[in-house]
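Residue numbers (this note's numbering): 29 to 616. Virtual Cβ for every residue (Gly too), placed ideally from N, Cα, C. Following: one structure in structure tokens, then a few remarks.
Here it is as structure tokens:
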């Protein structure tokens with residue numbers, strides 16, 4: 029039996045970026061907010077001190093910041109003809125756990141989606157005609173526009189102190205920035221990071237080919253900054269330990285370094301760590317959530333009532349909790365009916381190594397969002413007529429720091445072990461750079477999430493099952509933009525290049541991105557979406573579902589900037605509309 033606890037105004041499940049944003053906004057509105065986090069407390073000075081945080085073995089290979097797969101995992105298959113098997117070792121993606129969630133180990137790459145990304149089905153239909161969308165491609169508009177989200181993108185960037193060069197200020201294209209971006213009302217809060225040699229070589233080569241290089245928007249700060257909450261961040265030291273690591277320099281924006289120093293002092297906020305949500309409970313009508321049942325580290329079970337509930341767990345976990353709670357109709361790929369689990373998407377990456385004889389590139393100098401890119405082949409920034417695919421991606425030299433255990437690029441034909449391999453690593457380490465592509469994935473009927481019929485977690489609950497593979501659309505897109513990346517690599521004047529397309533089915537083993545999206549998507553129709561344009565459940569009006577689970581498909585960019593912007597957009601509606609008149613914010 030669960031012990032029933034006193035009710036609170038707001039209950040937040042999951043305490044990463046979105047959980048912290050929800051708690052900050054609604055405590056400011058005067059509500060009592062309680063957050064449940066399944067992992068443990070993490071604090072910058074005690075957990076990520078510079079004296080030990082740059083430990084590649086601990087964080088990259090032993091996965092200190094990530095989910096414990098012995099406790100909880102998911103099963104994976106490429107299609108319905110296969111039997112899904114549990115993911116036993118971290119590989120393609122790395123979900124975080126603990127306070128701050130995956131935002132602790134993110135790179136700080138802070139993008140705004142293109143205006144056409146948010147209205148992709150409408151945009152493609154207008155430009156190419158409805159027949160350009162294959163019958164099994166289930167893309168749809170987000171239900172919000174870039175103009176809706178622009179002030180909320182701005183708010184997140186100023187919370188983080190994001191460093192960058194504006195490309196479009198109030199409709200005026202700016203030199204040195206991304207000319208393809210949507211119009212922004214004001215410049216980035218801090219200037220772009222200083223660029224190392226390899227990103228500079230890439231930018232020069234891309235410009236010679238007629239492309240438009242610009243610096244990576246970075247929440248690894250270029251200079252000291254105090255955000256609107258009064259929290260101070262320091263300048264990045266280019267140590268190269270961002271991705272998969274916490275930052276002890278207070279120079280990478282995370283929940284810990286931007287929000288928690290203010291939030292944790294509030295008397296109307298409470299955080300309970302090591303508290304894993306089991307199910308969302310509803311009243312007899314099924315239309316209202318009344319509580320969440322959770323279990324603590326001692327195995328004790330509690331029921332926490334609340335007037336308003338927000339899911340802010342990782343995208344995959346949001347979907348699983350909805351399925352376990354019986355909220356929304358599960359998606360069925362055979363009929364195309366149902367919504368929960370629909371439109372799961374990932375991302376498509378590839379790379380080109382460029383090997384030099386006459387240039388020392390010092391790749392160990394870096395940061396999570398330190399580099400130069402082009403957007404000429406992202407989204408619909410180029411004419412897709414006759415190409416046989418939709419979507420695209422950005423690419424460039426993102427010098428994150430060539431960590432020594434992880435990084436050892438060698439030319440084609442090099443043995444995979446032994447003395448010749450060691451010699452090649454030693455000869456090429458300082459003289460090699462990588463152009464990486466970062467492509468979108470259009471949603472398709474056969475890619476989805478559901479509950480596994482066989483495997484269960486430590487609490488006896490079914491694991492989440494992922495059915496996903498790249499389609500012909502993603503394969504053609506990846507080849508196209510990888511070939512363009514190879515063109516730029518050759519223009520950089522290397523001794524030789526090595527092109528890695530990553531052909532074939534999606535594989536869970538090699539790391540690509542931790543950008544899992546969809547499954548609880550937003551939209552204008554409850555028949556094809558789980559939440560409305562304000563991230564409010566169509567079925568349970570006092571339940572809001574934050575995060576990338578709301579994306580109807582996955583654009584080429586990294587998701588965090590849009591995840592945060594959607595959270596602020598949703599919370600504005602909660603504060604200005606829902607709290608005054610609780611109930612559905614969109615009627616159908």
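TODO: Just the C-alpha distance for residue 557 and residue 369, rounded to the nearest angstrom, thanks.
DONE: 10 Å
TODO: Compare the C-alpha of residue 214 against each of 232, 560, 221 and 179 and name the closest.
DONE: 179
Open item on the list: Within 10 Å of its beta-carbon, does residue 174 have 16 or more other beta-carbons around it, so buried, or fewer, so exposed?
Closed with: buried
TODO: Classify residue 179 as helix, strand or coil using the three-state DSSP reduction.
DONE: Here residue 179 sits in helix by DSSP.
Task: CB contact flag (residue 243, residue 400, <9 Å) - done: The answer is yes: Cβ separation under 9 Å.
Open item on the list: Can you find the residues in the same chain that come closer than 7 Å, C-beta to C-beta, to residue 514, ignoring five residues on each side of it along the sequence?
Closed with: 380, 525 and 527
Open item on the list: Given this structure, state the Cα-to-Cα distance separating residue 530 from residue 569, to the nearest angstrom.
Closed with: 43 Å
Task: Closest by C-alpha distance to residue 517, when choosing among 429, 537 and 383 - done: 383
- [ ] State the DSSP-derived secondary structure class of residue 607, mapped to helix, strand or coil.
- [x] In this structure, residue 607 counts as coil in the three-state DSSP scheme.
Task: Close Cβ partners of residue 593 (< 7 Å) along its chain, the five nearest in sequence each way excluded - done: 177, 180, 181 and 184
- [ ] Out of 48, 115 and 73, state which residue places its alpha-carbon closest to the alpha-carbon of residue 536.
- [x] For residue 536, the closest alpha carbon among the candidates 48, 115 and 73 is that of 115.
Open item on the list: If contacts are defined as beta-carbon pairs under 8 Å, then residue 341 and residue 124 qualify, I think. What distance do you get, rounded to the angstrom?
Closed with: Not confirmed; about 11 Å, so no contact.
Task: Cβ-based neighbour list, residue 168, same chain, cut-off 6 Å, excluding 5 preceding and 5 following - done: 149, 551 and 580
TODO: Go to residue 331, then tell me how far its beta strand (DSSP E) extends in each direction, as first and last residue.
DONE: 329-339
Open item on the list: Considering Cα atoms alone, identify which of 223, 504, 612 and 490 is closest to residue 412.
Closed with: 504
Task: Proximity to residue 462 [Cα-Cα], best of 426, 95 and 280 - done: For residue 462, the nearest C-alpha among the options comes from 426.
TODO: Would you decide whether residue 29 is buried or exposed? Buried here means 16 or more other CB atoms lie within 10 Å of its CB.
DONE: exposed
Open item on the list: Restricting to runs no shorter than 4 residues, where is the alpha helix (DSSP H) found entirely within the stretch 61-121?
Closed with: 72-75
Open item on the list: Helix, strand or coil, according to DSSP, for residue 549 in the structure here?
Closed with: The three-state secondary structure of residue 549, taken from DSSP, is coil.
Task: C-alpha gap between residue 423 and residue 45, whole angstroms - done: Each residue's Cα considered, the two are about 26 Å apart.
Open item on the list: Could you compute how far the alpha carbon of residue 335 sits from the alpha carbon of residue 60?
Closed with: Within the model, the alpha-carbon separation for residue 335 versus residue 60 is close to 10 Å.
Open item on the list: With the cut-off set at 9 Å, would you say residue 257 and residue 287 are in Cβ contact?
Closed with: yes
Open item on the list: Taking the alpha-carbon of residue 464 as reference, which of 104, 540 and 485 has the nearest alpha-carbon?
Closed with: 540
Task: residue 484 - partner residues in DSSP beta bridges - done: DSSP output for residue 484 lists 490 as bridge partner(s).
Task: Where residue 684 falls: helix, strand or coil (DSSP) - done: What the structure shows of the chain is the stretch from 29 to 616, and residue 684 is not part of that stretch, so it cannot be assessed.
TODO: My understanding is that residue 346 touches residue 575, with C-beta atoms under 8 Å, so please give their C-beta distance in whole angstroms.
DONE: 6 Å
TODO: On a CA-only basis, which of 595, 615 and 616 is nearest residue 54? Give me that one, please.
DONE: 595
Task: Close-in-space but distant-in-sequence residues of the same chain around residue 352 (CB under 7 Å, 5 per side omitted) - done: 307 and 489
Task: DSSP-derived helix/strand/coil call for residue 393 - done: coil
Task: Residues near residue 234 by beta carbon distance below 7 Å, same chain, minus five either side - done: 241, 402 and 516
Task: residue 571, enclosing beta strand (DSSP E) - first and last residue - done: 571-573
Open item on the list: Here's the rule: buried if 16 or more other CB atoms are within 10 angstroms of the residue's CB, otherwise exposed. What is residue 312?
Closed with: exposed
TODO: Output yes or no for whether 9 Å exceeds the beta carbon distance between residue 189 and residue 284.
DONE: no
- [ ] Please determine, among 108, 192 and 221, the residue with the shortest C-alpha to C-alpha distance to residue 212.
- [x] Residue 192 is the option with its Cα nearest to residue 212.
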